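Notes follow once the structure below has been shown.
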Amino acid sequence: VRWFSPKEFHPASAAALPPSSAAAVCFNSRESDDCCLIEDGERCGRSAGNASFSKRIQKSISQKKLKLDIDKSVDLFQLQVNTLRRYKRHYKLQTRPGLNKAQLAETVSRHFRNIPVNEKETLTYFIYMVKSSKSRLDQKADGGKPLD
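Start counting the sequence shown at 1; every next residue gets the next number (this note's numbering).
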């Protein structure tokens, strides 16, 4: 089993995984300690661990024919206002000025749910970054500043 820190793992990548492999992927963020797995329509009651993936776990799930799925809802209302503003700025979302946290979180949430994800490309990039022990934040932009 390979354990990943939340910095190495992006939830959008987990949402892009097929249910059979996504079932073994879960991460623990500072905002929430709840597990993100759903079994037969009910949320797992255990606390979340760090993201992990194991062929042994995947095989066990397929043999037992468990109906596990990842909770695709992301609670962006738990994020700080500065984080929501940074997301808005990064994706150049058009909003009226002076939005409160709830309005900003709703706008960001709507955008986040509609981002198309190329599953093959996401998995390939994720595996490359994990194996090379690099973070996207380590890459430099043309001006010498770290990327947002």
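We put the CB at the ideal spot given by N, CA and C, even for glycine. Being a predicted model, the structure only gives us computed values, none of them experimental.
Residue state for R113 is assigned as helix, using DSSP reduced to three classes. Taking the CA atoms as reference points, T107 sits about 11 Å from R85.
Contact between L79 and A105 holds, since their C-beta atoms are separated by about 7 Å, short of 8 Å. Ranked by how close their Cα comes to the Cα of Y91, the residues F112, E121 and K120 have F112 in first place. For F77, no alpha helix (DSSP H) encloses it, and the DSSP letter there is neither H nor E. Within the same chain, and ignoring the five residues on either side of L76 in sequence, the residues whose Cβ sits closer than 6 Å to its Cβ are A105, V108 and S109. For K134, no alpha helix (DSSP H) encloses it, and the DSSP letter there is neither H nor E. Per the coordinates, the alpha-carbon of R89 lies some 28 Å from the alpha-carbon of I127.
Ranked by Cα distance from V74, the options K131, N82, S132 and N114 are led by N114.
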